[in-house]
Each structure stands twice: as C-alpha cells, then as structure tokens.
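Visitor:
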Amino acid sequence: MINFIGMSKALVERELETMGFQLKGVIFENPRNICLEYRTSTIVRTLEITFQRKSDGLFCSLLRLY
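Numbering (the numbering used here), first residue to last: 25 to 90.
1. In the DSSP assignment, find the beta strand (DSSP E) that holds T66 and state where it starts and stops.
2. When the Cα atoms are used, what is the spatial distance from G81 to S32?
3. CB-CB under 8 Å to L87, same chain, minus the five flanking residues each way: which ones, in chain order?
4. Flag this pair as yes or no: are the beta carbons of R77 and I58 separated by less than 9 Å?
5. Exposed or buried, what is F52 when buried is set at 16 or more other beta-carbons lying within 10 Å of its beta-carbon?
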C-alpha cells in the first residue's frame, strides 16, 4: 500500500479510487482535522483517514485499515 502520510486529500482520493475504495462518510470533524471512512465493495475493507487542515488544504496525517 502507498504511504499516504503528507499527501493532499485530492491525491489520496485519486489513489484510493484506483484501488476500489469509495467514500462512505465522515467519522468526525473539528477545526483542525477531518476523519473520513472509505470502503471497498468487493472485499469488505474499511479505511479511516484523518486529514489535517493546513492553510493550503487538507493533508493526510493518520491512516487506519480494518
């Protein structure tokens, strides 16, 4: 799997799409971070990605795969 840490949200989502992941929803959001849930439809895999808000956009800061 690709190391997404430090990548922009747009780049992360582009890579996830090629791997078959789709956005399912927001787990939590606060002024500094947003945590999103992605899932695959074939093999049930859940990916939680936390993006940190910076002045120039959202960047991956934490990743959990279940």
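Beta carbons are placed, not taken as given, at the ideal position from N, Cα and C, and that holds for glycine.
Guide: Considering the structure as presented:
1. Translated into positions along the sequence shown, residue 66 becomes position 42. Element bounds for T66: n/a, residue is neither H nor E.
2. Position 57 of the sequence shown holds residue 81. Position 8 of the sequence shown holds residue 32. Approximately 7 Å between the Cα atoms of the pair.
3. Residue numbering aside, residue 87 sits at position 63 when the sequence shown is read from its first letter. Here the set comprises F28, I29, L71, E72, I73, T74.
4. Looking up residue 77 in the sequence shown gives position 53. Looking up residue 58 in the sequence shown gives position 34. Against a cut-off of 9 Å, the Cβ pair of I58 and R77 comes out as a contact.
5. On the sequence shown, position 28 is the one that residue 52 refers to. Residue environment: F52 is assigned as exposed (fewer than 16 neighbouring CB atoms within 10 Å of its CB, all protein chains considered).
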